[in-house]
Amino acid sequence: MSLRKLKWRGIGRLELLAWVNEFLETDYTKIEHLADGIAYCQIFDALYTGKVNLQQLNFHARTEMEYERNLKLLRRTFQLCDIRKRRQEASGQSLFQPPIHGTNTNLIPKYSHRTIEIRSH
Numbered sequence: 001m002s003l004r005k006l007k008w009r010g011i012g013r014l015e016l017l018a019w020v021n022e023f024l025e026t027d028y029t030k031i032e033h034l035a036d037g038i039a040y041c042q043i044f045d046a047l048y049t050g051k052v053n054l055q056q057l058n059f060h061a062r063t064e065m066e067y068e069r070n071l072k073l074l075r076r077t078f079q080l081c082d083i084r085k086r087r088q089e090a091s092g093q094s095l096f097q098p099p100i101h102g103t104n105t106n107l108i109p110k111y112s113h114r115t116i117e118i119r120s121h
């Protein structure tokens, strides 16, 4: 598959995996492995300490229903941190959509970098 086909609005699968692996110090090998929502929950737990209840995550999720349960925790975090509203106002797109199958996954690294920059000032 060509690199061009892997691009999602400026960030590709390989870049996303590299960013997630560096940020979380993990070793994901395929973008599909992120579909369980665990990595995204861990990223937002790092950004908003204590807002994601990691104890409720199913770290051994195998079915779509188990993935969805993990993603509900992520959505709850977005609501607690008012991420949806700010993201929609900023770009007209919603980061609130489940970050699976390539939808809006490129927004997570951008949002994370912006959040870290704001907090460091």
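With the UniProt record's numbering, the residue at position 67 of the sequence shown is 67, and numbering never jumps.
We treat Cβ as the ideally placed atom computed from N, Cα and C, and that holds for glycine.
- One Cα belongs to ASN21, the other to ILE83, and the distance between them is close to 23 Å.
- Residue ASN70 holds the alpha-carbon nearest to the alpha-carbon of ALA39 among LEU14, ASN70 and GLY50.
- Per DSSP, ASN70 is one residue of the alpha helix (DSSP H) stretching across 64 to 80.
- The region 23 to 67 is shown to contain whole alpha helix (DSSP H) runs of 4 or more residues at 38 to 47, in chain order.
- A direct Cα-to-Cα measurement between GLU25 and LEU16 gives close to 13 Å.
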